[in-house]
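**Student:** Let me give you the structure first, and then I'll get to my questions.
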Amino acid sequence: PLVLGIESSCDETGVGIVRGTTLLANTVSTSMDEHVRFGGVIPEIASRAHLDAMVPTLTEALATAGVTLEDVDALAVTSGPGLAGALMVGVCAAKALAVATGKPLYAINHLVAHVGVGLLDDGVYGGALPEDLGALLVSGGHTEILRVRNIASDVELLGSTIDDAAGEAYDKVARLLGLAYPGGPAIDRLAKEGDPRAFRFPRGLTQPKYMGSPEAPGPHRYDWSFSGLKTAVARCVEQHDAAGKPVPVADIAASFQEAVVDVVTSKAILACREHGLRNLLLGGGVAANSRLRELTAERCAAAGISLAVPPFSLCTDNGAMVAALAARVIMDGRSPSELSFAPDSSLPVTTVSA
Ligand code: ATP
Ligand code: MG
Ligand code: FE
Numbered sequence: 004p005l006v007l008g009i010e011s012s013c014d015e016t017g018v019g020i021v022r023g024t025t026l027l028a029n030t031v032s033t034s035m036d037e038h039v040r041f042g043g044v045i046p047e048i049a050s051r052a053h054l055d056a057m058v059p060t061l062t063e064a065l066a067t068a069g070v071t072l073e074d075v076d077a078l079a080v081t082s083g084p085g086l087a088g089a090l091m092v093g094v095c096a097a098k099a100l101a102v103a104t105g106k107p108l109y110a111i112n113h114l115v116a117h118v119g120v121g122l123l124d125d126g127v128y129g130g131a132l133p134e135d136l137g138a139l140l141v142s143g144g145h146t147e148i149l150r151v152r153n154i155a156s157d158v159e160l161l162g163s164t165i166d167d168a169a170g171e172a173y174d175k176v177a178r179l180l181g182l183a184y185p186g187g188p189a190i191d192r193l194a195k196e197g198d199p200r201a202f203r204f205p206r207g208l209t210q211p212k213y214m215g216s217p218e219a220p221g222p223h224r225y226d227w228s229f230s231g232l233k234t235a236v237a238r239c240v241e242q243h244d245a246a247g248k249p250v251p252v253a254d255i256a257a258s259f260q261e262a263v264v265d266v267v268t269s270k271a272i273l274a275c276r277e278h279g280l281r282n283l284l285l286g287g288g289v290a291a292n293s294r295l296r297e298l299t300a301e302r303c304a305a306a307g308i309s310l311a312v313p314p315f316s317l318c319t320d321n322g323a324m325v326a327a328l329a330a331r332v333i334m335d336g337r338s339p340s341e342l343s344f345a346p347d348s349s350l351p352v353t354t355v356s357a
């Protein structure tokens with residue numbers, strides 16, 4: 004089927020078009036620049052930017068794919084999780100298109116859609132997802148490890164952050180170090196000049212009381228926490244300031260990054276090993292991080308897990324992943340969503356299509 008997918012859960016307005024498992028267009032407009040002076044995504048600004056960008060992004064995606072709305076067999080939209088106001092813009096646009104064209108509309112889970120990029124022909128898996136698949140999603144809004152038995156119907160959340168997302172921690176620590184938003188790329192660059200062993204920052208939720216055992220996993224065996232790490236960095240900066248010493252920003256950036264990447268990869272791989280998942284897909288904006296890629300590859304290789312990292316344009320939020328997942332849901336014979344569905348900012352991963 005020819006499917007048009009709309010994404011608006013955070014600060015990217017995305018429209019993607021696929022024919023079955025073939026990618027035809029993936030147009031993205033981001034409001035990131037408008038959030039720079041606030042040091043993080045401001046929901047109201049993101050929502051307004053989606054309103055401005057929706058029609059131009061749609062028009063450009065159709066032109067790139069060389070198709071018209073009449074040609075499209077089905078529409079799809081991210082219905083959650085994400086920022087409520089931002090989701091609302093995409094959902095309203097999709098419903099308006101569905102009513103105007105009479106085409107069926109599929110409400111799609113954003114997190115599962117990140118895994119949907121693996122369905123694309125020239126993507127990392129060449130069109131068909133492997134069995135025993137885990138997905139590690141690391142972005143500004145999410146840090147999650149999923150088990151994907153059947154992407155259209157059987158997805159399970161194995162672990163997630165209990166406070167900040169990893170990307171959010173990068174952005175907050177960058178701010179403490181006087182670096183511009185978004186902090187991820189800046190810290191990634193700066194860390195290359197620093198010593199990752201200069202400071203031993205905490206690895207959240209790794210103490211025995213949180214871990215349990217493989218037979219009886221602890222309450223947070225596969226979960227993450229980054230708020231203690233952020234506080235430790237803040238204290239480190241304060242101590243240098245109080246002592247009148249220059250803040251060793253490169254060493255702090257490198258040590259912070261090592262703490263994040265160490266705990267993200269170790270817990271993800273633990274979850275994969277203990278659930279017999281022999282394939283791992285990496286997604287989300289933090290997948291751009293050079294050290295995360297390096298250590299994930301190293302530890303996956305050591306654990307006998309095959310790692311796949313999609314191109315960056317498909318790791319960050321986009322409409323193509325929404326269209327790709329919807330196409331698969333359609334090919335599985337599922338019915339479209341009722342047009343009365345509402346966006347759900349905390350949609351669970353078990354709901355692939357509402
Ligand atoms: P969502 O959480 O809904 O997927 P988002 O907009 O919050 O979306 P993305 O756009 O996927 O997240 O990614 C943005 C995040 O990725 C920011 O927090 C940014 O700091 C981080 N990031 C980008 N490049 C890097 C990098 N090289 N190293 C670390 N973090 C990075
Ligand atoms: Mg974003
Ligand atoms: Fe996302």
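Numbering (full-length UniProt numbering), first residue to last: 4 to 357.
Every residue, glycine too, gets a C-beta built ideally from N, C-alpha and C.
#1: How many Å lie between Ala-56 and Thr-16 at the Cα?
#2: Does Val-21 come out as helix, strand or coil in the three-state DSSP assignment?
#3: For Gly-287, verify whether its CB is less than 7 Å away from any heavy atom of the ligand FE.
#4: When the Cα atoms are used, what is the spatial distance from Gly-8 to Ser-356?
#5: How should Phe-229 be labelled, buried or exposed, when 16 other C-beta atoms within 10 angstroms of its C-beta is the threshold for buried?
#6: Would the beta-carbon of Leu-140 fall within 8 Å of that of Glu-134?
#7: Taking 7 Å as the cut-off, is the beta-carbon of Glu-47 closer than that to any non-hydrogen atom of the ligand MG?
#8: If contacts are defined as beta-carbon pairs under 8 Å, then Ala-253 and Glu-196 qualify, I think. What distance do you get, rounded to the angstrom?
#9: Mind checking which residues open and close the beta strand (DSSP E) that includes Arg-150?
#10: In angstroms, rounded to a whole number, what distance separates the CA positions of Ala-155 and Ser-258?
#11: Using C-beta distances below 6 Å, list every residue in its chain close to Val-120, excluding the 5 sequence neighbours before and after it, in chain order.
#12: Give the straight-line distance between the Cα atoms of Gly-88 and Ala-326, rounded to the nearest whole angstrom.
#13: With Leu-72 as the anchor, note down where its beta strand (DSSP E) starts and where it stops.
#14: Start and end of the alpha helix (DSSP H) containing Ser-293?
#15: Going by DSSP in three states, Pro-211 sits in which element: helix, strand or coil?
#16: For Val-115, decide whether its Cβ has a neighbour in chain C, counting only Cβ atoms nearer than 8 Å.
#17: Does the beta-carbon distance from Leu-108 to Val-80 come in below 8 Å?
#18: Just to confirm before moving on: does the CB-CB distance between Ala-138 and His-117 stay below 8 Å?
#19: Less than 8 Å between the C-beta atoms of Leu-123 and Thr-24, yes or no?
#20: As an exercise, report each continuous alpha helix (DSSP H) stretch of at least 4 residues that is fully enclosed by the region 163 to 230, in chain order.
#21: Identify the continuous alpha helix (DSSP H) that holds Leu-100 and give its terminal residues.
#22: Just mark Leu-342 as buried or exposed, buried being the case when its beta carbon has 16 or more other beta carbons within 10 Å.
#23: Does any heavy atom of the ligand ATP sit closer than 7 Å to the C-beta of Thr-164?
#24: Span of the beta strand (DSSP E) holding Ser-309?
#25: Who are the Cβ neighbours of Val-94 in its own chain at under 7 Å, not counting the five residues just before and after it?
#26: What does the alpha-carbon distance come out to for the pair Gly-207 and Gly-231?
#27: Across which residues does DSSP place Ile-111 in a beta bridge pair?
#28: State the start and end residues of the unbroken alpha helix (DSSP H) segment that holds Val-267.
#29: So is Glu-261 buried or exposed if we call it buried at 16+ other beta carbons inside 10 Å?
#30: Looking at C-beta atoms only, is the number of pairs between the region 41 to 60 and the region 170 to 189 that lie closer than 8 Å three or more?
**Tutor:** Once the coordinates are examined:
#1: Residue numbering aside, residue 56 sits at position 53 when the sequence shown is read from its first letter. Residue numbering aside, residue 16 sits at position 13 when the sequence shown is read from its first letter. About 7 Å.
#2: What you label residue 21 is simply residue 18 of the sequence shown in a count that begins at 1. Three-state DSSP puts Val-21 in a strand.
#3: Within the sequence shown, residue 287 is the residue found at index 284, counting from 1. Yes; taking the cut-off as 7 Å, the Cβ of Gly-287 has a heavy atom of the ligand FE nearer than that.
#4: Locating residue 8 in the sequence shown gives position 5, counting from the first residue. Locating residue 356 in the sequence shown gives position 353, counting from the first residue. Each residue's Cα considered, the two are about 13 Å apart.
#5: Residue numbering aside, residue 229 sits at position 226 when the sequence shown is read from its first letter. Phe-229 is buried by the Cβ-count criterion.
#6: By one-based count along the sequence shown, residue 140 stands at place 137. By one-based count along the sequence shown, residue 134 stands at place 131. Contact flag unset, no.
#7: Along the sequence shown, read from residue 1 onward, the residue named residue 47 stands at position 44. Checking every heavy atom of the ligand MG against the Cβ of Glu-47, none is found closer than 7 Å.
#8: Mapped onto the sequence shown, residue 253 falls at position 250. Mapped onto the sequence shown, residue 196 falls at position 193. At roughly 4 Å, the Cβ-Cβ gap stays under 8 Å, so Ala-253 and Glu-196 are in contact.
#9: Within the sequence shown, numbered from 1, the residue matching residue 150 stands at position 147. Element bounds for Arg-150: 146 to 153.
#10: For this step, residue 155 is matched to residue 152 along the sequence shown. For this step, residue 258 is matched to residue 255 along the sequence shown. Spanning the two alpha carbons is a distance of roughly 39 Å.
#11: The residue labelled residue 120 in the question sits at position 117 within the sequence shown. If we look at Val-120 and ignore the five residues flanking it on each side, its Cβ neighbours are Gly-126, Pro-313, Leu-317 and Met-324.
#12: For the purposes of this step, residue 88 is identified with residue 85 of the sequence shown, where counting begins at 1. For the purposes of this step, residue 326 is identified with residue 323 of the sequence shown, where counting begins at 1. Rounded to whole angstroms, Gly-88 to Ala-326 spans 21 Å at the Cα level.
#13: Indexing the sequence shown from 1 puts residue 72 at position 69. No beta strand (DSSP E) holds Leu-72; DSSP gives it neither H nor E.
#14: The residue given as residue 293 occupies position 290 in the sequence shown. It spans 293 to 306 - the alpha helix (DSSP H) in which Ser-293 sits, taken as one unbroken run.
#15: One-based indexing of the sequence shown puts residue 211 at position 208. The answer is helix: DSSP assigns Pro-211 an H, G or I state.
#16: Absent from the structure is chain C; it holds one protein chain and no more.
#17: Locating residue 108 in the sequence shown gives position 105, where the first residue counts as 1. Locating residue 80 in the sequence shown gives position 77, where the first residue counts as 1. Going by C-beta atoms, Leu-108 is nearer than 8 Å to Val-80.
#18: The residue you call residue 138 lines up with position 135 of the sequence shown. The residue you call residue 117 lines up with position 114 of the sequence shown. The answer is yes: Cβ separation under 8 Å.
#19: Locating residue 123 in the sequence shown gives position 120, counting from the first residue. Locating residue 24 in the sequence shown gives position 21, counting from the first residue. Going by C-beta atoms, Leu-123 is nearer than 8 Å to Thr-24.
#20: Counting only runs of 4 or more, we get 169 to 179, 186 to 194 and 211 to 214.
#21: On the sequence shown, residue 100 is found 97 positions in, with the first residue counted as 1. Segment 87 to 104, the alpha helix (DSSP H) holding Leu-100.
#22: Stepping through the sequence shown from its first residue, residue 342 is reached at position 339. So Leu-342 ends up on the exposed side.
#23: Taking the sequence shown and counting its residues from 1, one reaches residue 164 at position 161. Not under cutoff, so the answer is no.
#24: Here the question's residue 309 lines up with position 306 in the sequence shown. Segment 309 to 311, the beta strand (DSSP E) holding Ser-309.
#25: As a first step, residue 94 is located in the sequence shown; it is residue number 91 there, counting from the start. Answer for Val-94: Val-80, Ser-82 and Pro-346, listed in chain order.
#26: If you number the sequence shown from 1, residue 207 lands on position 204. If you number the sequence shown from 1, residue 231 lands on position 228. Computed Cα separation, rounded: 7 Å.
#27: In the sequence shown, the residue the question calls residue 111 occupies position 108. As DSSP reads the structure, Ile-111 sits in a beta bridge with Thr-81 and Ser-356.
#28: If you number the sequence shown from 1, residue 267 lands on position 264. Its alpha helix (DSSP H) spans residues 252 to 277.
#29: Looking up residue 261 in the sequence shown gives position 258. It is buried - the Cβ of Glu-261 has at least 16 other Cβ atoms within 10 Å.
#30: Result yes; three or more Cβ-Cβ pairs closer than 8 Å.
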